[in-house]
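Below you'll find the structure, written out as structure tokens, and then a few comments.
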Amino acid sequence: MTSLATPSRGSTEVSAWTVAMEPGAAGPLHAMDREQLWVPLSGAITVTTDDGTRRIGPGRAAILPAGENRRIATSGTAPAEVLVCMANGGRATVADTGEVRPLHWAG
Numbered sequence: 106m107t108s109l110a111t112p113s114r115g116s117t118e119v120s121a122w123t124v125a126m127e128p129g130a131a132g133p134l135h136a137m138d139r140e141q142l143w144v145p146l147s148g149a150i151t152v153t154t155d156d157g158t159r160r161i162g163p164g165r166a167a168i169l170p171a172g173e174n175r176r177i178a179t180s181g182t183a184p185a186e187v188l189v190c191m192a193n194g195g196r197a198t199v200a201d202t203g204e205v206r207p208l209h210w211a212g
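Heads up: the sequence shown is residues 106 to 212, going by our numbering.
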């Protein structure tokens, strides 16, 4: 994760960061307490939610509501770089364990 806009960088309302994902990478099933916007800059990602799975590539965006379980993974054999934006102060809740994790790169 590479922080772009965070409270520690002067942003008072919005956090933004990039995520570099290697082929085959996938995050855990989790829910955020803030709405998120995921925008692939290169490569493609697969977003799995309670509503199904969709592939998102450059020029598209996934808007993920607060409280919705999601798993983000790379799609295909190429790496992906993704811009992620959300309101400051978000926390993730891991579905399997219920563990609540602050997003240190967004602070």
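Every residue gets a Cβ at the ideal spot worked out from N, C-alpha and C, and that includes glycine.
The structure displayed is predicted, hence computed values, not measured ones.
Does the stretch 108-117 come into contact with the stretch 144-163, if we say contact requires no fewer than three beta-carbon pairs (one atom in each stretch) closer than 8 Å?
Counting Cβ pairs under 8 Å, fewer than three are found: no touch.
Measuring only the C-alpha atoms, how far is alanine 167 from isoleucine 177?
Residue mapping note: residue 167 aligns to position 62 of the sequence shown, counting from 1. Residue mapping note: residue 177 aligns to position 72 of the sequence shown, counting from 1. Straight-line Cα distance between these residues: approximately 10 Å.
Within 10 Å of its beta-carbon, does histidine 209 have 16 or more other beta-carbons around it, so buried, or fewer, so exposed?
Within the sequence shown, numbered from 1, the residue matching residue 209 stands at position 104. Exposed, because fewer than 16 other Cβ atoms sit within 10 Å of the Cβ of histidine 209.
Provide the residue span of the beta strand (DSSP E) that contains leucine 109, from first to last.
Translated into the one-based positions of the sequence shown, residue 109 becomes position 4. Counting along the chain, the beta strand (DSSP E) containing leucine 109 begins and ends at 107-110.
Please report how far the alpha carbon of alanine 211 lies from the alpha carbon of methionine 137, in whole angstroms.
By 1-based counting over the sequence shown, the position of residue 211 is 106. By 1-based counting over the sequence shown, the position of residue 137 is 32. In a straight line, the C-alpha of alanine 211 is about 13 Å away from that of methionine 137.
Excluding the five sequence neighbours on either side, which residues of its own chain have a C-beta within less than 8 Å of the C-beta of glutamate 140, listed in chain order?
Locating residue 140 in the sequence shown gives position 35, counting from the first residue. Once the five neighbours on either side are set aside, the close Cβ partners of glutamate 140 are Ile168, Leu169, Pro170, Ala171, Met191 and Ala192.
Exposed or buried, what is glycine 148 when buried is set at 16 or more other beta-carbons lying within 10 Å of its beta-carbon?
The residue given as residue 148 occupies position 43 in the sequence shown. Classification for glycine 148: buried.
Would you report the Cα separation of glycine 203 and arginine 165, rounded to the nearest angstrom?
Position 98 of the sequence shown holds residue 203. Position 60 of the sequence shown holds residue 165. Going by the C-alpha atoms only, they are around 31 Å apart.
State the DSSP-derived secondary structure class of arginine 165, mapped to helix, strand or coil.
Working through the sequence shown from its first residue, we reach residue 165 at position 60. Coil at arginine 165, not helix or strand.
Buried or exposed: where does threonine 179 fall if 16 or more other Cβ atoms within 10 Å of its Cβ makes it buried?
The count along the sequence shown starts at 1 and reaches residue 179 at position 74. Buried, since its Cβ has 16 or more Cβ neighbours within 10 Å.
Going by C-alpha to C-alpha distance, which of Arg114, Gly181, Ala125 and Thr117 sits closest to tryptophan 143?
Taking the first residue of the sequence shown as position 1, residue 143 is located at position 38. The residue with the shortest Cα to Cα distance from tryptophan 143 is Ala125.
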